[in-house]
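Data first, discussion second: the structure below is written as structure tokens.
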Amino acid sequence: MFVRFGKYIPRNLSIIAPDNGYACTYKSIAPLLQQVPRLLADNIQEIDSEYRTLINLVKDKEQILDIEEFWRMVARIEIGNEQAFPNLVKLVFAILSFPHSSANVERVFSQVNLMKTKIRNRLENATIKACLQTKGLLKLQNSACTNFKVTTEMRKKCNKAMYDIPK
């Protein structure tokens, strides 16, 4: 599973990471751009130009330890009341939002499979969603169904209208 998932993760992610605590050690972002063509419109040259400008703008030995902190700082840089690196920042934030694992999604599918058995195969999506949310709430409150505190607001919502299914 991990090997298959690894095929979709770009290999040159270190280009956008502050290397050894210092920013912008690569001359071009082009190798990374070639691996994520779907994230780009037609502005590969603009993004690479913005990256090269950033290299010249950031001091050689500026200490940056955290990748998110560095790119938030880059996003705040303005030239003439406009964001200096809009295309580059958009690309980097899209790359940083890639999922590192599908474990959470697989966990939810597993929970749904446990709920939707042969006997309960006609459960509506809204019911499954409510069950998942209830389970999440119980886990968040570090509680169980035996010691769950039902509020007055919850009781008010338990009426005939809760059975109305939108069609």
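Counting in full-length UniProt numbering, the sequence shown runs from 1 upward without gaps. Every residue, glycine too, gets a C-beta built ideally from N, C-alpha and C. Since this is a predicted model, take the numbers as computed values, not measurements.
Pairwise C-alpha distance: residue j and residue i
i, j, result
"Pro-37", "Arg-122", "42 Å"
"Ile-55", "Phe-98", "24 Å"
"Glu-69", "Met-162", "45 Å"
"Ser-159", "Leu-132", "In the sequence under discussion, the amino acid at residue 159 is Asn, which differs from the Ser named in the question. Cα-Cα distance, rounded: 21 Å."
"Thr-117", "Ser-143", "25 Å"
"Asn-81", "Asn-104", "41 Å"
"Glu-78", "Thr-127", "48 Å"
"Ser-49", "Tyr-26", "13 Å"
"Asn-155", "Thr-146", "Rather than Asn, the amino acid found at residue 155 in this sequence is Arg. Arg-155 and Thr-146: Cα-Cα distance of roughly 17 Å."
"Met-115", "Thr-53", "54 Å"
"Glu-106", "Lys-157", "32 Å"
Of the listed residues the options, nearest to residue i (C-alpha basis)
i, options, result
"Tyr-51", "Arg-120, Phe-109, Ala-84, Gln-34", "Ala-84"
"Ile-165", "Met-154, Thr-151, Asn-125, Thr-152", "Asn-125"
"Asp-66", "Ala-75, Pro-86, Gln-34, Pro-18", "Pro-18"
Close beta carbons around residue i, own chain, < 8 Å, minus the five adjacent residues each side
i, result
"Phe-148", "Leu-138, Gln-141"
"Phe-109", "none"
"Leu-39", "Leu-91, Ala-94, Ile-95"
Proximity below 8 Å, CB of residue i to CB of residue j
i, j, result
"Ile-16", "Ile-95", "yes"
"Gln-111", "Lys-135", "yes"
"Asn-43", "Asn-113", "no"
"Val-58", "Trp-71", "no"
Any C-beta of chain C under 8 Å from that of residue i
i, result
"Ser-110", "Structure shown: chain C not included; a single protein chain is present."
Contacting residues, own chain, Cβ-Cβ under 6 Å from residue i (five flanking each side not counted)
i, result
"Leu-33", "Ile-44"
"Ala-75", "Val-89"
"Arg-120", "none"
"Ile-29", "Ile-15, Asp-48, Tyr-51"
Sequence-distant residues of the same chain with beta carbon closer than 7 Å to residue i, five excluded per side
i, result
"Glu-153", "none"
(request) Pick out the complete alpha helix (DSSP H) segments inside the UniProt domain "HAT C-terminal dimerisation" (52–135), 4 residues or longer, and give them in chain order. (result) The UniProt domain "HAT C-terminal dimerisation" (52–135) contains these whole alpha helix (DSSP H) runs: 67–76, 86–96, 103–115.
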